[in-house]
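So for the sequence shown, the working numbering puts the first residue at 21; every next one is plus one.
Ideal Cβ placement from N, Cα and C applies to all residues, glycine included.
Values in this document were obtained by computation on a predicted structure and should not be read as measured data.
Here is the structure we will look at.
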Amino acid sequence: MKKSIFSAAMVFGLVISAPLMAAASSVNPVVVIGHVSVIGAGTLDQAEQMLNNKARAMGGDAIHITSMGGKNKLHATAEVLKH
Numbered sequence: 021m022k023k024s025i026f027s028a029a030m031v032f033g034l035v036i037s038a039p040l041m042a043a044a045s046s047v048n049p050v051v052v053i054g055h056v057s058v059i060g061a062g063t064l065d066q067a068e069q070m071l072n073n074k075a076r077a078m079g080g081d082a083i084h085i086t087s088m089g090g091k092n093k094l095h096a097t098a099e100v101l102k103h
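Below you can see the structure in the form of C-alpha cells.
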C-alpha cells in the first residue's frame, strides 16, 4: 500500500513538474554557437581555461567540454554556449 502511494506521488510530481521545466528552459534558452579545441595544456585546469578563453573570444557565455585526453600534454574540445 505504501509503495503504491509513493509511486502515485512520484508520478504526480513528474506530471506537475514537466510543464514547469519546459517553461523555464524556454525563458532562457541555451544555444550552441560553435566549437573550440586546444592542444598542449599541461593540466586539466589549464585546458579548461584555454577553452574558456577561446569561447569568450567567440562571444560565448559558457562551455560544455565534450572531450579531454592525453598523457603529458592534454588536448580538449568543447561546445561554446550562448544564453
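Where residue i falls, given that 16 or more other Cβ within 10 Å makes a residue buried
i     : result
Lys93 : exposed
Val89 : It is Gly, not Val, that sits at residue 89 in the sequence shown. Per the 10 Å Cβ criterion, exposed.
Val50 : exposed
Leu71 : buried
Residue i vs residue j beta-carbon contact at 9 Å
i     : j     : result
Val56 : Ala98 : yes
Ile59 : Met78 : no
Ser64 : Gly80 : In the sequence as presented, Ser is not what sits at residue 64; that position holds Leu. It is not a contact, given that the beta carbons lie outside the stated cut-off.
His84 : Ala61 : no
Simplified DSSP state of residue i, which is helix, strand or coil
i     : result
Met70 : helix
Val56 : strand
Val50 : coil
Span of the beta strand (DSSP E) around residue i
i     : result
Met88 : Ala82 to Gly90
Thr63 : Thr63 -> no beta strand (DSSP E), and no H or E assigned at all.
His95 : Leu94 to Lys102
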